[in-house]
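Chains as they are written, first to last, in our numbering: chain R, 1 to 260; chain Z, 1001 to 1285.
What follows is a single structure, written as structure tokens, with notes after it.
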Amino acid sequence: MKAGWSARATLLAVLAFLYAPVLVLVLYSFNDARFSATWQGFTFGWYQRLLESPETAAALRSTLVVSLSATALATVLGTLLALGLHLRRFRGRATIELLLYLPVVAPDIVMGVALLAFYVAVHLPLGRLSIILAHVSFQIPFVALIVKARLQDFPAEVIEAARDLGADEGAMIRHVLLPIIRPGILAGALIALALSVDDFLITYFTAGAGASTLPIRIYSMVKRGVTPDINALSTLLLAATLILIVAALKLQKRPNPESM
Amino acid sequence: MRRGRDWLLAWTAAPGLTYLGIFFLVPMLLVVVFSVLEGTPDGGVRPSLTLDNYRRALDPLYLRILARSAWLALLTTGVSLALAYPTAWAIRTGSPRRRGLLLALVVIPSWMNLLIKNYAWIVILRREGVLNTALGSLGLIDEPLSLLFAPSAVLIGLVHTYLPFMVLPLYVALDRMDWSLVEAARDLGAGRAAVFMRVVVPQTLAGVAVGCTLVFIPTLGAFVTPDMLGGPDSLMVGTLIENQLLQVRNWPFASALAVLLMAVAAAALAAVRRLQGAAGPGALA
Chain R
1 MKAGWSARAT
11 LLAVLAFLYA
21 PVLVLVLYSF
31 NDARFSATWQ
41 GFTFGWYQRL
51 LESPETAAAL
61 RSTLVVSLSA
71 TALATVLGTL
81 LALGLHLRRF
91 RGRATIELLL
101 YLPVVAPDIV
111 MGVALLAFYV
121 AVHLPLGRLS
131 IILAHVSFQI
141 PFVALIVKAR
151 LQDFPAEVIE
161 AARDLGADEG
171 AMIRHVLLPI
181 IRPGILAGAL
191 IALALSVDDF
201 LITYFTAGAG
211 ASTLPIRIYS
221 MVKRGVTPDI
231 NALSTLLLAA
241 TLILIVAALK
251 LQKRPNPESM
Chain Z
1001 MRRGRDWLLA
1011 WTAAPGLTYL
1021 GIFFLVPMLL
1031 VVVFSVLEGT
1041 PDGGVRPSLT
1051 LDNYRRALDP
1061 LYLRILARSA
1071 WLALLTTGVS
1081 LALAYPTAWA
1091 IRTGSPRRRG
1101 LLLALVVIPS
1111 WMNLLIKNYA
1121 WIVILRREGV
1131 LNTALGSLGL
1141 IDEPLSLLFA
1151 PSAVLIGLVH
1161 TYLPFMVLPL
1171 YVALDRMDWS
1181 LVEAARDLGA
1191 GRAAVFMRVV
1201 VPQTLAGVAV
1211 GCTLVFIPTL
1221 GAFVTPDMLG
1231 GPDSLMVGTL
1241 IENQLLQVRN
1251 WPFASALAVL
1261 LMAVAAAALA
1271 AVRRLQGAAG
1281 PGALA
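This is how it looks when you write it as structure tokens:
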């Protein structure tokens, strides 16, 4: 059964609907007009203005510190979690695997409320540390699920064979397991990094007054009024996350939609 | 691996699970606890149990917001399904060489920042925006249209944000479907409509359920889209929770609303897992 013209027309319309608004936004980041939506000529001025803004520079620093440290911690914990779940048989494992999906599907706003309530209850001051701890919590399941998918693609016999050939546990981990899952770990880390750089809502709830990441900065700029330097900042953030995602997808070699 | 001689690998799951216990499960339970405590006027809580916070959600003022959220989330899910099914169908039945590329094109926008996608619609829909400027210069309108800050703008923003999450599971379902049954039904003389309704749809129901959940749950809890694109008449649960927590400082009421939201999400998830049955555990990821 071939797709009729109506299905193909819907596909084209959907692609136009998904991309056109974003392309318009990128285009207007180069428009030499402060208020109007008519095209006044090409400029890099809005990007320049962005570079000169101390608030944006501070938000960029915050984003880098928060995302890199959260991703490092989540990658280690998530990878170990995937190994433990995949290689060991213990009671309650199925329940734990199901629980792993909870942070993935829980609405962001619920996680934001919950973490803020927790921080206030344990008197943890809000700032970069509270944001990092929050990000790690939604990153771990993604890393674990991606590494686990990678492990599942490989037959357990490879590991058994390494043992039968006399490898002790350390040698088996170094020479068999790590080479197998390395692309999975890298892909998981890149996805986790993208999620962290991108997150607005959970950061918004756990940031407190001082700390501001790039998405928080965009939000407060939009609240103050529509200006073309928001388009410029958006374009830069879009480019950064898309590069991370494309790299992660390339690493996962076989583009398998289930493992995403 | 069942020989019990690995000690390095034996406890690797523990740190990650402990972390999720402390920074996910405990906070979630804390919200449940807050939701049955009494609030104090200065924004704190008093240790006496009450169901008033849940009763308050039934107040007509708030019930209207809850109903609007449910309606907007259902509408978003319906519109997304109507757009995503033909899209997934066209990708799967098109040239095999182009499948990967088309699928990637649909999925990539799901990785674009939510704020940016919504802001793009402000650029387009506002009074001095791209659409009004274009329509005005073509002479089609005399007065700029008020498109922004209305429920319709919120609907557009929500569909734009969550549509890719509907296409992906539908594509997976269509890809796993037994296509020889389609051939067989055609050979036996079934028309296109009959084949679609009686062969294709039943085989892809699990994918439809997964897609609907992936769109419905985040839409129901949306904050950014109604906050940025909606007006006072498009307040949703998410905006109400944020308002009660950060502005009004009524923690117990905000917690009760969050618990209700989580309960709906969990119920939707449980329903899908039942429906999925044979589809396998990976299909939700």
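Even glycine gets a Cβ: it sits at the ideal position worked out from N, Cα and C.
Item to complete: Classify Phe42(R) as helix, strand or coil using the three-state DSSP reduction.
Response: Assignment of Phe42(R) by DSSP, reduced to helix, strand and coil, places it in the strand class.
Practice prompt. Determine, using beta carbons only, whether Trp1089(Z) comes closer than 7 Å to chain R.
Written response: yes
Item to complete: Pull up the distance between the alpha-carbon of Leu1103(Z) and that of Leu165(R), whole angstroms please.
Response: 43 Å
Worksheet item: Would you call the CB atoms of Thr1204(Z) and Leu1174(Z) closer than 7 Å?
Response: In contact: Thr1204(Z) and Leu1174(Z) (Cβ atoms closer than 7 Å).
Worksheet item: Once you ignore the five residues that flank Pro183(R) on each side, which residues in its own chain have a CB closer than 6 Å to its CB?
Response: Leu251
Worksheet entry | Exposed unless 16 or more other CB atoms sit within 10 angstroms - verdict on Ser6(R) | Under this definition Ser6(R) is an exposed residue.
Worksheet item: What number of angstroms, rounded off, separates the C-alpha of Ala248(R) from the C-alpha of Trp1011(Z)?
Response: C-alpha separation (whole angstroms): 28 Å.
Worksheet item: Could you give the distance in angstroms between the alpha-carbon of Ile245(R) and the alpha-carbon of Gly92(R)?
Response: 33 Å
Worksheet item: According to the Cβ coordinates, are Gly1231(Z) and Ala1120(Z) closer than 7 Å?
Response: no
Item to complete: Please list the partners that Gly78(R) has in chain Z, where partner means a Cβ-to-Cβ separation under 7 Å.
Response: Gly78(R) reaches chain Z at Gly1016, counting residues in chain order whose Cβ is nearer than 7 Å.
Worksheet item: With a cut-off of 7 Å, does the C-beta of Gly1021(Z) fall near any C-beta of chain R?
Response: no
Worksheet item: Taking the alpha-carbon positions, what's the Gly1238(Z) to Thr1219(Z) distance?
Response: 9 Å
Worksheet item: Assuming Ala192(R) and Thr63(R) make a contact with CB atoms under 8 Å, what is their CB distance in whole Å?
Response: In fact, because the Cβ distance is near 14 Å, the residues do not count as touching under 8 Å.
Practice prompt. Can you give me the Cβ contacts of Leu186(R) inside the same chain, cut-off strictly under 7 Å, excluding the 5 residues immediately before and after it?
Written response: Leu251
Fill in: With 16 other Cβ atoms within 10 Å as the buried cut-off, status of Trp1071(Z)
exposed
Fill in: Cross-chain neighbours of Met1028(Z) in chain R, by beta carbon under 7 Å
Ala114
Item to complete: Could you run through the segment 18-40 of chain R and flag, in chain order, every residue whose CB is less than 8 Å away from some CB of chain Z?
Response: Contact annotation: in the segment 18-40 of chain R, residues whose CB is within less than 8 Å of a CB in chain Z are Leu18, Tyr19, Pro21, Val22, Val24, Leu25, Tyr28, Phe35, Ser36, Ala37, Thr38.
Worksheet item: Quick one: what does DSSP say Gly1136(Z) is sitting in, helix, strand or coil?
Response: helix
Discussion item. Going by DSSP in three states, Arg1046(Z) sits in which element: helix, strand or coil?
Written reply: strand
Discussion item. Does His123(R) pass the burial test, meaning 16 or more other C-beta atoms within 10 Å, or should it be called exposed?
Written reply: exposed
Practice prompt. Put Leu1288(Z) into one of helix, strand or coil per three-state DSSP.
Written response: Residue 1288(Z) falls outside the range modelled here, since chain Z spans only 1001 to 1285, and no answer is possible.
Discussion item. Distance check for Ala1153(Z) and Val1079(Z), CA to CA, integer angstroms please.
Written reply: Spanning the two alpha carbons is a distance of roughly 14 Å.
Worksheet entry | Anticipated Cβ contact below 8 Å, Gly112(R) with Ile202(R), distance rounded | At roughly 5 Å, the Cβ-Cβ gap stays under 8 Å, so Gly112(R) and Ile202(R) are in contact.
Practice prompt. Excluding the 5 residues preceding and the 5 following Phe200(R) in the sequence, name in chain order all residues of the same chain whose CB lies nearer than 6 Å to its CB.
Written response: Pro215
Item to complete: Give every residue of the same chain whose Cβ lies closer than 8 Å to the Cβ of Glu97(R), excluding the five residues on either side of it in the sequence, and list them in chain order.
Response: In the same chain as Glu97(R), and ignoring 5 residues on each side of it, the C-beta atoms closer than 8 Å to its own belong to Leu85, in chain order.
Item to complete: Let me know the secondary structure DSSP gives Phe31(R) once reduced to three states.
Response: Reading off the sequence, residue 31(R) comes out as Asn, not Phe. Strand.
Discussion item. Tell me which residues share the same chain as Leu25(R) and place their Cβ nearer than 8 Å to its Cβ, disregarding the 5 neighbours each side in the sequence.
Written reply: These residues qualify, in order along the chain: Asn231, Ser234, Thr235.
Worksheet item: If Leu1163(Z) sits next to Ile1122(Z), beta carbons under 8 Å apart, how far is it from one beta carbon to the other, in whole angstroms?
Response: About 19 Å; that fails the 8 Å criterion.
Worksheet item: If you count every other CB in all the chains shown that lies within 10 Å of the CB of Leu1145(Z), and 16 or more means buried, which is it?
Response: exposed
Worksheet entry | Cut-off 8 Å between Cβ atoms - residues of its own chain near Val1045(Z), not counting five sequence neighbours on either side | Phe1034, Leu1037, Glu1038, Gly1039, Trp1251, Pro1252
Worksheet entry | Within-7 Å CB hit, Asp164(R) to chain Z | no
Worksheet item: Taking DSSP as the reference, what is the three-state secondary structure of Phe1023(Z)?
Response: helix
Discussion item. Here's the rule I'm using: 16 or more other beta-carbon atoms within 10 Å means buried, otherwise exposed. How should Ile1241(Z) be labelled?
Written reply: Burial of Ile1241(Z) is indicated by the presence of at least 16 other C-beta atoms within 10 angstroms of its C-beta.
Fill in: Separation of Pro155(R) from Glu55(R), as counted between CA atoms
Spanning the alpha carbons of Glu55(R) and Pro155(R) requires a straight line of approximately 51 Å.
Discussion item. Can you confirm whether the segment 1090-1098 of chain Z touches the segment 1257-1267 of chain Z when touching is taken to mean that 3 or more C-beta pairs between the two stretches lie within less than 8 Å?
Written reply: no
Practice prompt. Give the C-beta separation of Ala1084(Z) and Val1031(Z) to the nearest angstrom, bearing in mind that I take them to be a contact with Cβ-Cβ under 8 Å.
Written response: About 33 Å; that fails the 8 Å criterion.
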